[in-house]
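Protein chains: 2
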Amino acid sequence: MVTIKNIAEMAKVSRTTVSRVLNNSGYVSEDVRKRVEKVIEETGYIPSHYAKSLRTKKTKIVGVILPTIQTETSSRIVTGIGKEISQHGYEILLANTNLNQEKEIEYLELLKERRVDGIILIATNTEPALVEKIKEMNIPLVMIGQEANGIMSVTFDDYHAARELTRTFIKKGHEDIAFIGVDETDRAVGYRRKKGFLDEMAAHEINVNEEWIQKAIFDIDSGYDTMEKILSKTGAISKRSAPTAVIAVTDRLAIGAINYMKKQGIRIPEDVAIAGFGASEITRYLDPPLTTVDYHNEKAGEEAARQLFNRMQAQTQEGTEKVVLNYRLVLRKSL
Amino acid sequence: MVTIKNIAEMAKVSRTTVSRVLNNSGYVSEDVRKRVEKVIEETGYIPSHYAKSLRTKKTKIVGVILPTIQTETSSRIVTGIGKEISQHGYEILLANTNLNQEKEIEYLELLKERRVDGIILIATNTEPALVEKIKEMNIPLVMIGQEANGIMSVTFDDYHAARELTRTFIKKGHEDIAFIGVDETDRAVGYRRKKGFLDEMAAHEINVNEEWIQKAIFDIDSGYDTMEKILSKTGAISKRSAPTAVIAVTDRLAIGAINYMKKQGIRIPEDVAIAGFGASEITRYLDPPLTTVDYHNEKAGEEAARQLFNRMQAQTQEGTEKVVLNYRLVLRKSL
DNA sequence: TTTTAATGTGGAATCGATTCCACATAGCTT
DNA sequence: AAGCTATGTGGAATCGATTCCACATTAAAA
Chain C
306 MVTIKNIAEM AKVSRTTVSR VLNNSGYVSE DVRKRVEKVI EETGYIPSHY
356 AKSLRTKKTK IVGVILPTIQ TETSSRIVTG IGKEISQHGY EILLANTNLN
406 QEKEIEYLEL LKERRVDGII LIATNTEPAL VEKIKEMNIP LVMIGQEANG
456 IMSVTFDDYH AARELTRTFI KKGHEDIAFI GVDETDRAVG YRRKKGFLDE
506 MAAHEINVNE EWIQKAIFDI DSGYDTMEKI LSKTGAISKR SAPTAVIAVT
556 DRLAIGAINY MKKQGIRIPE DVAIAGFGAS EITRYLDPPL TTVDYHNEKA
606 GEEAARQLFN RMQAQTQEGT EKVVLNYRLV LRKSL
Chain L
306 MVTIKNIAEM AKVSRTTVSR VLNNSGYVSE DVRKRVEKVI EETGYIPSHY
356 AKSLRTKKTK IVGVILPTIQ TETSSRIVTG IGKEISQHGY EILLANTNLN
406 QEKEIEYLEL LKERRVDGII LIATNTEPAL VEKIKEMNIP LVMIGQEANG
456 IMSVTFDDYH AARELTRTFI KKGHEDIAFI GVDETDRAVG YRRKKGFLDE
506 MAAHEINVNE EWIQKAIFDI DSGYDTMEKI LSKTGAISKR SAPTAVIAVT
556 DRLAIGAINY MKKQGIRIPE DVAIAGFGAS EITRYLDPPL TTVDYHNEKA
606 GEEAARQLFN RMQAQTQEGT EKVVLNYRLV LRKSL
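Here the protein sequences line up with chains C and L, keeping their order.
If you read the first sequence in our numbering, its first letter stands for residue 306, the second for the next number, and so on.
If you read the second sequence in our numbering, its first letter stands for residue 306, the second for the next number, and so on.
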């Protein structure tokens, strides 16, 4: 591999001068510049970025830790991050935990070893061990999707989205609303969306049937199973024996639920209305099209990258910006 | 940031010795090892990977160039690559072209600048300029999804998959089959899948209606529009005025086509049978579930990584392994 | 007891860039 | 003519690791 030294010798100048033409800095006469450029051209020389990093202490790499890339949310966020950082000559080093929570901490260390200039963490939890680790890392880091004390974050307004969505159901006359949630260790998806739902119901003084509030895991089949479970609970509390509406905390859960209901001959939205969260592409094309909440994931990625750059440039590491992105209700025929 | 020099001083040994305990190489007495480890522990020292790279000439990074990460195909492949390479202590540097073909070449240079040990290219085309560039790069590279002379590749057996799928339609009694393809500069998806279809039709001596062979772009709406176009061509050649079956080269195109047909009151599969390619998750849950071709994308990513490692270890850069992965027909109710 | 081998440690060069200085030359001001 | 300033170039240190080699010491073999 040809190095700056080779170029210097071939062009009969010093490495200093080659570096100058490379970086367009300092004084270089037109003659010399031409000569050096010619040699670079001929040899196809490409300077080593990490040798440069060693000197400049900047890798121009942002580490991205994510639970899986196989969801639209993640891939949109990554796209957003990529768009923003590539404008600054940065690249993404990918750290995919494949839903293995312990790996989050492992990858933090690994990214430190790689000396990334900053980290964006698409978070699924806010376990104390993780939060602790982040704080002692001393590398600019922005968390997406979850928030924690003393950590910069870009989050979605899950609480208000859930409230507004619930309100919309209520306005359409629904009172017997079932809820398919997920584990509350996921503060954003599990806890806040549920709290939004419950608070809005309470604000309208509507009793909720506890048996219709179920917990699923993050996949379509689980939505199917959970819907079956809900419909098996004949309404001991409610006057009706079945809900007239269902809110699922993700689109996939909603899709699973719809599938179960269709199989049972339940019509949507005539018999049961339903909505999800996430605005995944397919929701537009379902039959009926699914009402959902769009979180502008790509923007979230961009915004996180912007926040990260702010922090990276800041002399101080103090202060923790937290931005909460707004959402958009996408009302479709399923409601 | 604490360096190996600091550790050496604090532990009152040389950098050489610290390096030895770090890499578990050479002789180090138990006393000294303990002392050094203690200092490392106390300071939280993490060696700089790129300083190491400078010396060892190995970055332990694989660059992945892809057209978009927002398809299941890409994200599955990336997952597969990640699984395989992380076992060897490698990481992924992501280069997302966002469907901008020119950026493929740009990114090749950028990855060279980053001195990645190898590159995996999820390819959409085999333009001469690209192929040329790859060859002059002199970095181990494996292409996924497309193949070209002199370049290592992992491809899907698009041709035979298309033939077998077509055969299945024919066996079910279909002769008037429409085909929704894409541009043939995409050799794999555009050209081979179409050729497989045509050859199988020819093998059964079935005439194809040229007007029912249409070209779309890669999204759901395009599938919708193209289906509309096909159905607007009343059969001047065929004895029927409409096809009894449709093969779409991607699941998304199939979904779009289904949506159009449903809107027209066409029943699937009673009036028109349909199939796609890709086995995207949602196809299982569509109504009716969609017949499709599963290409084991994650395995493809793993295999590409394995091929890449073989090449990276090989002393020679000669020979170009090409592996063709097999496929699996997923027969569902839409056919 | 002398050789030889195994064990243990450090000095210094090296990887490929950047950057601080020192120094040289030329053209302008006073 | 002397002093400045702008321009142009290179030497050498530096970034943080690895690794070759030299050199001790100790233990085992002859």
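Backbone N, C-alpha and C fix where the C-beta goes; we use that ideal spot for every residue, glycine too.
Start-end ranges of the alpha helix (DSSP H) lying completely within the stretch 479 to 514 of chain C, minimum 4 residues: 498 to 508
Quick one: which chain C residues come within Cβ less than 8 Å of residue 355(L)? 355, 358, 359, 364, 419 and 420
Which partner residues of residue 457(C) appear in the DSSP bridge assignment? 447(C)
Among the candidates 594(C), 379(C) and 402(C), whose CA atom is the shortest distance from the CA of residue 387(L)? 402(C)
Which residues share a DSSP beta bridge with residue 430(C)? None; residue 430(C) has no bridge partner.
Residue 440(C) burial status per 10 Å Cβ neighbour count (16 or more: buried): exposed
Burial state of residue 542(L) (16 or more Cβ within 10 Å): For residue 542(L), the pLDDT reaches just 45, beneath the cut-off of 50, and the residue's location in the model is therefore unreliable, although a value from the coordinates is still provided. Result: exposed.
If residue 448(C) and residue 426(C) are in contact, beta carbons under 8 Å, what's the gap, nearest whole angstrom? 5 Å
So, with DSSP's three-state summary, where would you put residue 526(C)? helix
Looking at chain C, is there any beta carbon in it that lies within less than 9 Å of the beta carbon of residue 537(L)? no
Going by CA-CA distance only, name the one from 523(C), 446(C), 511(C) and 563(C) that's closest to residue 536(C). 563(C)
Here's the rule: buried if 16 or more other CB atoms are within 10 angstroms of the residue's CB, otherwise exposed. What is residue 633(L)? exposed
Please compile the residues from chain L whose C-beta is within a distance smaller than 9 Å of the C-beta of residue 387(C). 374, 399, 400, 401 and 403
I'd like to check one pair, residue 520(L) with residue 486(L): are the Cβ atoms closer than 9 Å? yes
Residue range of the unbroken beta strand (DSSP E) whose run includes residue 680(C): Outside the displayed range of chain C (306 to 640) lies residue 680(C), so it cannot be described from this structure.
Measuring CA to CA, which of 591(C), 328(C), 546(C) and 560(C) is closest to residue 529(C)? 560(C)
Is residue 330(C) buried or exposed, if buried means 16 or more other CB atoms sit within 10 Å of its CB? exposed
From residue 397(L) to residue 515(C), what distance separates their C-alpha atoms? 45 Å
Along the stretch 343 to 354 of chain C, where does the CB come closer than 8 Å to a CB of chain L? Name the residues. 349, 351, 352, 353 and 354
Evaluate residue 490(C) with the Cβ neighbour count: other Cβ atoms within 10 Å of its Cβ, from every protein chain shown; 16 or more gives buried, anything less gives exposed. exposed
Cβ atoms of residue 505(L) and residue 377(L): under 9 Å apart, would you say? no
Count the C-beta pairs between the stretch 403 to 411 of chain L and the stretch 343 to 358 of chain C that are closer than 8 Å, then say yes if the count reaches three, no if not. no
Are the Cβ atoms of residue 381(L) and residue 375(C) separated by less than 9 Å? yes
Under 9 Å, Cβ to Cβ, is there at least one residue of chain C near residue 542(L)? Model confidence at residue 542(L) stands at a pLDDT of 45, short of 50, so the residue's coordinates are unreliable; what they give is reported in the following sentence. Not closer than 9 Å to any Cβ of chain C, the Cβ of residue 542(L) fails to qualify, so no.
is_contact[residue 381(L), chain C] using C-beta, thresh 9 Å: yes
Span of the beta strand (DSSP E), counted from its first residue to its last, around residue 552(C): 550 to 553
Residue of 351(C), 327(C), 470(C) and 591(C) minimising C-alpha distance to residue 414(L): 351(C)
Supposed contact pair residue 583(L) and residue 600(L) - C-beta distance, whole angstroms, cut 8 Å: 7 Å
Span separating the alpha-carbon of residue 513(C) from that of residue 484(C): 10 Å
In terms of alpha-carbon separation, which member of 456(L), 558(L) and 444(L) lies closest to residue 433(L)? 456(L)
Helix, strand or coil: which one does DSSP assign to residue 540(C)? Caution applies to residue 540(C), whose pLDDT of 48 falls short of 50 and renders its modelled position unreliable; the value that the coordinates give is listed next. Here residue 540(C) sits in coil by DSSP.
Cβ shell of residue 313(C) (< 8 Å), same chain only, five flanking positions each side left out: 319, 320, 322 and 323
Amino acids of chain C, ordered along the chain, whose beta-carbon sits closer than 7 Å to that of residue 592(L): 567 and 592
Within chain L, partners of residue 396(C) - CB distance below 8 Å: 398, 399, 400, 415 and 419
Boundaries of the alpha helix (DSSP H) in which residue 322(L) is found, first to last residue: 320 to 328
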